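In full-length UniProt numbering, the protein residues as written are 1 to 95.
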């Protein structure tokens, strides 16, 4: 019986060592995957922020252009009102 207990103890020690090794490898891989995941999430958040920034810039440019077009139209209108003439582009209203 003593010999049997020694063999079982060796088997248990071997099993525990293998389990510990496998669990350590698993934990290390999980940490590596979590680091990769966190890096990817950060990358995607940065990409979303960059898209938002570019969209805001494009909106600002469009708004500025719209404002310029209003100013130009107002200036043209004032010019034609001051001269009392109808622009040539309005042929149906010409003299």
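Cβ coordinates follow ideal geometry from the N, Cα and C atoms, glycine included. Bear in mind the structure is a predicted one, so any value in this text is a computation, not a measurement.
How many angstroms separate the CA atom of residue i from the CA atom of residue j?
i, j, result
"residue 79", "residue 85", "9 angstroms"
"residue 42", "residue 76", "51 angstroms"
"residue 33", "residue 39", "10 angstroms"
"residue 14", "residue 20", "10 angstroms"
"residue 7", "residue 1", "10 angstroms"
"residue 61", "residue 54", "11 angstroms"
"residue 28", "residue 12", "24 angstroms"
"residue 36", "residue 52", "24 angstroms"
"residue 69", "residue 50", "29 angstroms"
"residue 16", "residue 56", "59 angstroms"
Please list the terminal residues of the continuous alpha helix (DSSP H) segment that includes residue i.
i, result
"residue 44", "2-83"
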